[in-house]
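Student: With UniProt numbering, letter number 237 in the sequence shown gets 237, and the count goes up by one each step, no holes. Quick reminder that beta carbons are idealized off the backbone N, C-alpha and C, glycines included.
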Amino acid sequence: MYNWIDALADLQTRGEPCVLVTIIEELGSTPRNAGSKMVISATQTFDTIGGGHLEYKAMQIGREMLASGRQDTHLERFSLGASLGQCCGGVTVLLFEPMGQVQAQIAVFGAGHVGRALVPLLASLPCRVRWIDAREDEFPEQIPHGVRKIVTEEPLDEVDDLPAGSYCIVMTHNHQLDLELTAAILKRNDFAYFGLIGSKTKRVKFEHRLRDRGFDSNVLQRMRCPMGIGEVKGKLPVEIAISIAGEIIATYNANFGQHTASAGSSIAKLLPASRRSQALNQN
Numbered sequence: 001m002y003n004w005i006d007a008l009a010d011l012q013t014r015g016e017p018c019v020l021v022t023i024i025e026e027l028g029s030t031p032r033n034a035g036s037k038m039v040i041s042a043t044q045t046f047d048t049i050g051g052g053h054l055e056y057k058a059m060q061i062g063r064e065m066l067a068s069g070r071q072d073t074h075l076e077r078f079s080l081g082a083s084l085g086q087c088c089g090g091v092t093v094l095l096f097e098p099m100g101q102v103q104a105q106i107a108v109f110g111a112g113h114v115g116r117a118l119v120p121l122l123a124s125l126p127c128r129v130r131w132i133d134a135r136e137d138e139f140p141e142q143i144p145h146g147v148r149k150i151v152t153e154e155p156l157d158e159v160d161d162l163p164a165g166s167y168c169i170v171m172t173h174n175h176q177l178d179l180e181l182t183a184a185i186l187k188r189n190d191f192a193y194f195g196l197i198g199s200k201t202k203r204v205k206f207e208h209r210l211r212d213r214g215f216d217s218n219v220l221q222r223m224r225c226p227m228g229i230g231e232v233k234g235k236l237p238v239e240i241a242i243s244i245a246g247e248i249i250a251t252y253n254a255n256f257g258q259h260t261a262s263a264g265s266s267i268a269k270l271l272p273a274s275r276r277s278q279a280l281n282q283n
């Protein structure tokens with residue numbers, strides 16, 4: 001069986017998010033001692049904190065954290081009695097630590113000059129990138145690590161598969177396809193960021209056509225077009241790419257940590273009674 005430290009290193013090398021679970025306190029009879037750890041990925045577990053219903057509950061909590069993208073540490077106190085169906089009778093406090101969580105899921109529609117300059121920049125960030133185009137020949141021979149190349153004759157179908165809160169970038173070779181992708185993304189309206197490559201003139205034309213389709217002005221205002229940092233005036237593909245990447249970084253940095261709870265204030269409440277006063281006195 002993989003031990004937890006080898007599993008953690010392997011998962012992080014592959015860029016696969018996981019949750020590290022540690023027993024930080026134990027009182028009375030418990031299956032394993034404080035310091036014991038296990039690693040939970042979306043499909044596997046590595047090492048053990050003692051098995052039984054406690055471990056099952058830990059797996060359930062860990063996978064819920066992975067599914068929701070939760071990035072804050074989490075503490076949980078378990079009484080190993082009738083409620084968990086274990087005969088130990090002691091008390092265990094578990095610390096759940098997300099590892100390798102990405103800050104953004106990004107979809108780039110288009111493998112043209114700007115796309116080829118942009119995607120390597122995005123791949124160097126804590127992101128997962130879907131790179132989508134119908135033209136196989138437009139993709140470079142080497143796809144950056146952490147980027148999933150999707151060659152499809154129906155790029156529109158990929159919009160439905162995007163996770164909520166995605167960062168969407170549309171820069172295809174076809175204005176009509178850009179319009180249809182824009183409509184599909186705005187119809188979902190659950191993105192964290194949506195940028196459309198083009199000028200102010202292109203935006204005016206697209207807004208007119210989208211209003212004819214019934215899109216509300218408030219929804220249209222969520223579209224970034226032109227996209228990128230306005231102070232970057234260059235027109236070279238790499239200059240445009242840096243401008244767009246900068247805007248994306250600014251967007252996710254503005255939101256990062258807003259829902260992170262501070263674990264420190266809750267630790268004392270979760271400790272077994274014999275250690276609670278000691279923890280309070282240390283604060």
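#1: Could you have a look at S68 and say whether DSSP puts it in helix, strand or coil?
#2: Between Y167 and N33, what straight-line distance do the alpha-carbon atoms span, to the nearest angstrom?
#3: Going by C-alpha distance, which of R213, D216 and G246 is nearest I229?
#4: For the region 71-81 against the region 126-139, are there 3 or more C-beta pairs whose distance is under 8 Å?
#5: Taking CB distances under 8 Å as the criterion, tell me whether V129 reaches chain D.
#6: Here's a check: name, in chain order, each residue in its chain whose Cβ is nearer than 6 Å to the Cβ of A7, leaving out the five neighbours to either side.
#7: Rounded to a whole number of angstroms, what is the C-alpha to C-alpha distance between G112 and L196?
#8: If we count Cβ pairs, one from each stretch, closer than 8 Å, do we get three or more for the region 143-151 versus the region 121-130?
#9: Which of the three DSSP states, helix, strand or coil, is assigned to A261?
#10: Starting from K149, follow the beta strand (DSSP E) in both directions and report where the run begins and ends.
#11: I'd like to know whether the C-beta atoms of G62 and V21 end up nearer to each other than 8 Å.
#12: Nearest-angstrom Cα distance between P98 and V19?
#13: For the alpha helix (DSSP H) that D178 lies in, which residues bound it at each end?
#14: So, are the CB atoms of I23 and I49 less than 8 Å apart?
#15: How far does the alpha helix (DSSP H) with V219 in it extend, from its first residue to its last?
#16: Have a look at the DSSP bridge pairing and note the partners of G195.
#17: So, at 7 Å on beta carbons, what are the nonlocal neighbours of A164 in its own chain, with the 5 sequence-adjacent residues on each side left out?
#18: Look up Q105 in the DSSP assignment and give the residues it is bridged to.
#19: K37 by DSSP, collapsed to three states: which one?
#20: Tell me, please, which residues DSSP counts as bridged to M99.
#21: D10 by DSSP, collapsed to three states: which one?
#22: Please report how far the alpha carbon of S217 lies from the alpha carbon of D161, in whole angstroms.
Tutor: The short version:
#1: Counting from one through the sequence shown, the residue named residue 68 turns up at place 68. Correct three-state label for S68: helix.
#2: Position 167 of the sequence shown, counted from the first residue, corresponds to residue 167. Position 33 of the sequence shown, counted from the first residue, corresponds to residue 33. Roughly 43 Å separates the two Cα atoms.
#3: On the sequence shown, residue 229 is found 229 positions in, with the first residue counted as 1. Comparing Cα-Cα distances from I229 to each of R213, D216 and G246, the minimum goes to G246.
#4: With a cut-off of 8 Å on Cβ pairs, the region 71-81 is not in contact with the region 126-139, counting fewer than three such pairs.
#5: The structure shown contains no chain D; it is built from a single protein chain.
#6: Along the sequence shown, one-based indexing puts residue 7 at 7. So the qualifying residues of the chain are V39 and F46.
#7: Translated into positions along the sequence shown, residue 112 becomes position 112. Translated into positions along the sequence shown, residue 196 becomes position 196. If you take the alpha carbons of G112 and L196, they lie about 14 Å apart.
#8: With the rule of 3 Cβ pairs closer than 8 Å, the region 143-151 counts as touching the region 121-130.
#9: For this step, residue 261 is matched to residue 261 along the sequence shown. A caution first: A261 carries a pLDDT of 36, below 50, which makes its placement in the model unreliable, though a value can still be read off. Collapsing the DSSP output to three states places A261 in coil.
#10: In the sequence shown, counting from the first residue as 1, residue 149 sits at position 149. In the DSSP assignment, K149 falls within the unbroken beta strand (DSSP E) covering V147 to V151.
#11: Stepping through the sequence shown from its first residue, residue 62 is reached at position 62. Stepping through the sequence shown from its first residue, residue 21 is reached at position 21. V21 is positioned such that its CB atom lies closer than 8 Å to that of G62.
#12: For this step, residue 98 is matched to residue 98 along the sequence shown. For this step, residue 19 is matched to residue 19 along the sequence shown. When rounded, the distance between both Cα atoms is 4 Å.
#13: Within the sequence shown, numbered from 1, the residue matching residue 178 stands at position 178. It spans H175 to R188 - the alpha helix (DSSP H) in which D178 sits, taken as one unbroken run.
#14: Working through the sequence shown from its first residue, we reach residue 23 at position 23. Working through the sequence shown from its first residue, we reach residue 49 at position 49. Yes, they are a contact pair.
#15: By one-based count along the sequence shown, residue 219 stands at place 219. According to the DSSP assignment, V219 belongs to the alpha helix (DSSP H) that extends over S217 to L220.
#16: In the sequence shown, counting from the first residue as 1, residue 195 sits at position 195. Secondary-structure assignment with DSSP links G195 through a beta bridge to I169 and R224.
#17: By one-based count along the sequence shown, residue 164 stands at place 164. If we look at A164 and ignore the five residues flanking it on each side, its Cβ neighbours are D190.
#18: Residue 105 sits at position 105 when you count from the first residue of the sequence shown. Paired residue(s): R128.
#19: Locating residue 37 in the sequence shown gives position 37, counting from the first residue. The three-state secondary structure of K37, taken from DSSP, is strand.
#20: Walking along the sequence shown from the start, residue 99 turns up at place 99. Note: M99 sits in a beta bridge opposite C18.
#21: On the sequence shown, position 10 is the one that residue 10 refers to. D10 falls in the helix class under three-state DSSP.
#22: The residue given as residue 217 occupies position 217 in the sequence shown. The residue given as residue 161 occupies position 161 in the sequence shown. The alpha-carbon atoms of S217 and D161 are separated by roughly 25 Å.
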